[in-house]
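Protein chains: 2
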Amino acid sequence: MADAGRDIEALIEMMARLPGLGPRSARRAVLHLIKKRAVLLMPLADRMHAVAASVRECTVCGNIGTGDICDICADARRTTGEICVVEDVADLWAMERGQAFKGRYHVLGGTLSALESVGPEELRIPQLIARVRDEAIGEIILALNATVDGQTTAHYIADELEGTGVRVTSLAQGVPIGGELDYLDDGTISAALKARKGL
Amino acid sequence: MADAGRDIEALIEMMARLPGLGPRSARRAVLHLIKKRAVLLMPLADRMHAVAASVRECTVCGNIGTGDICDICADARRTTGEICVVEDVADLWAMERGQAFKGRYHVLGGTLSALESVGPEELRIPQLIARVRDEAIGEIILALNATVDGQTTAHYIADELEGTGVRVTSLAQGVPIGGELDYLDDGTISAALKARKGL
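First to last, the protein sequences are chains E and S. In my numbering, each residue's number is its place in the first sequence (first place is 1) plus 5. In my numbering, each residue's number is its place in the second sequence (first place is 1) plus 5.
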């Protein structure tokens, strides 16, 4: 690809490092962008610059936004007293798409992991404890992934909050809407059975 | 996602329109970029600007490069007298990865298509005819996709070049390296059988 110019090669390599893209799809994407230079490539580059310049982490919850306080923390219509704890901004967005939670969030920025030596200090857990103390929080909803690391983190947070009087809950486990039993793993089925409820 | 700021939303929408990315993978890619703002997002935006500013179509062959004449057309070590005709820059890159062709290229920019009303003038076919006349070309190798439109275009070009004395060939059809007969379509098998050769 020496013919394509060093800039193009470098652009393809950078795109290929994005999650969900490989070398082949990065090539296709870059060619597509180059073909529509004026309507796609330039505006995309401009938009990236704008985002890179304006985006920052919310000092309260760790969500991303364009100010020191994110739109959710700044939104007075949000219920106070409830914090939903998520691993990642992507999880926060997933919760928001569900439109079921009206409170505020706390983004940990990962999960505890002995293997990758991620401790509580790396995870914005001290900030969470401080918020529970300072914001008169009644309930902490742990919306962590149902993985080993996610659940370890959930238990650690629950332990840390013991004695503060705050109610600690976590998302229910069970059969996903539209899920077929035949395709579900044994763990999910047994969790759903244990948590069965009267109709 | 109103929380994420309009710039971020717009960036996700733009990324989602790239081939190979959908809304979900665009969100992941943008979050990844934002997390590594300094080392990924800014350099990527810079690189896109650089490419958008520098990239242009080769006036001879239609390949993309950073000058009026692309690196391949400008390369004196390339054999003259042979032109490999491809539909698209992506196909040119694929040929170059094969490292088997040492001549120059001609990028049509698509295929003839009655349905999408793409005629010869839209396709840089007149420029190809002119090159055959002006550059003392001995052989035109048609490396067009083995689709109906690709083959229609190949036949059209062969007809146009009749009487010019140039030899018109096309890529061989047959079993791909590593291909298993059981997974090949009937057309490929019968083409490979017809073109069989002695060992």
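Glycine included, C-beta positions come from ideal geometry on N, C-alpha and C.
Taking each of 112(S), 42(S) and 68(S) in turn and checking the Cα distance to residue 162(S), the smallest one comes out for 112(S). Per DSSP, residue 110(S) lies in no alpha helix (DSSP H); the unbroken beta strand (DSSP E) holding it starts and ends at 109-112.
For residue 78(E) against residue 65(E), the beta-carbon gap comes to about 5 Å, under 8 Å, which counts as contact. Chain-order list of chain S residues neighbouring residue 32(E): 95 and 98, by C-beta distance under 9 Å. Under the three-state reduction of DSSP output, residue 29(S) falls in the helix class. Residue 130(S) sits in a helix when the DSSP states are folded into three classes.
In terms of Cα proximity to residue 144(E), the closest of 17(E), 125(E) and 85(E) is 85(E). Here residue 36(E) is buried. Its C-beta has 16 or more other C-beta atoms within 10 Å. Per DSSP, the continuous beta strand (DSSP E) segment holding residue 145(S) begins and ends at 144-147. Secondary structure note for residue 182(S): it is in no beta strand (DSSP E), with a DSSP letter that is neither H nor E. Interface criterion not met: the Cβ of residue 136(S) is under 8 Å from no Cβ in chain E. When the Cα atoms are used, residue 123(S) and residue 96(E) turn out to be separated by approximately 46 Å. Residues of chain E whose Cβ lies closer than 7 Å to the Cβ of residue 129(S) do not exist, since the nearest Cβ in that chain is about 14 Å away.
By the criterion of a C-beta distance shorter than 7 Å, residue 136(S) is surrounded in its chain by 88, 111 and 142, once the five residues flanking it on both sides are discounted. If you draw a straight line from the Cα of residue 52(E) to the Cα of residue 61(E), it is about 15 Å long.
Against chain E, a Cβ distance below 9 Å from residue 90(S) picks out nothing, because the smallest value is about 16 Å. Only residues of its own chain outside the window of five on either side were considered, and among them 63 and 68 have a CB closer than 6 Å to the CB of residue 75(E), listed in chain order.
Rounded to the nearest whole angstrom, the CA to CA distance from residue 190(S) to residue 197(S) is 11 Å. Shown here, residue 89(S) sits in a strand according to DSSP, grouped into three states.
For a Cβ distance threshold of 9 Å, residue set 10, 12, 13, 15, 16, 35, 38, 39, 42, 46 and 50 of chain E lies close to residue 56(S), ordered along the chain. Taking 8 Å as the threshold, the shortest C-beta distance from residue 24(S) to chain E falls below it.
With 16 or more neighbouring CB atoms inside 10 Å of its own CB, residue 45(S) falls in the buried class.
Its chain contains 200 as the residues whose beta carbon lies nearer than 8 Å to that of residue 177(S), once the 5 sequence neighbours on both sides are disregarded; these appear in chain order. Neighbours of residue 60(S) in chain E, taken as residues whose beta carbon is under 8 Å from its own, are 10, 12, 13, 39 and 42 in chain order.
The beta carbon of residue 59(E) lies closer than 7 Å to those of 71 in the same chain, with the five residues before and after it left out. Around the beta-carbon of residue 174(E), fewer than 16 other beta-carbon atoms lie within 10 Å, marking it exposed. In terms of Cβ geometry, residue 49(S) and residue 19(E) form a close pair [threshold 8 Å].
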